[in-house]
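Each residue of the sequence shown is one higher than the last, beginning at 0 in numbering that gives the first Met the number 0. The next block holds one structure in the form of structure tokens; read it before the comments.
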Amino acid sequence: MNIVQKIALVFTILGALNWGLVGLFGFNFVDAIFGHSLISSIIYMLIGIAGIINIMLLFADLDN
């Protein structure tokens, strides 16, 4: 696993934890920190891109 995939995995995990908080408690951690701003939109875009990168891991040969 290269560094880009590891960073993408971290962002995906953070996004999943945020969605867990939203689902369980109605608390959006990203919006609580940054509000409804351009920064929070950028964070959401990065998490989305990270998810796309991690989709590629489903089809990668991890034995190498």
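We treat Cβ as the ideally placed atom computed from N, Cα and C, and that holds for glycine.
Quiz item: Using the rule of at least 16 other Cβ atoms within 10 Å of the residue's Cβ for burial, across every protein chain shown, is Asn1 buried or exposed?
Solution: exposed
What number of angstroms, rounded off, separates the C-alpha of Ser39 from the C-alpha of Ala59? 31 angstroms
| message | I need the DSSP call for Phe24, collapsed to helix, strand or coil. | response | helix
| field | 8 angstroms Cβ cutoff met for Ile77 and Leu13 | value | Only positions 0 to 63 of the chain appear in the structure, and residue 77 is not among them; the question remains open.
Separation of Asn27 from Trp18, as counted between CA atoms
8 angstroms
Check your understanding: Straight-line CA distance for Val9 to Ile48?
Key -> 12 angstroms
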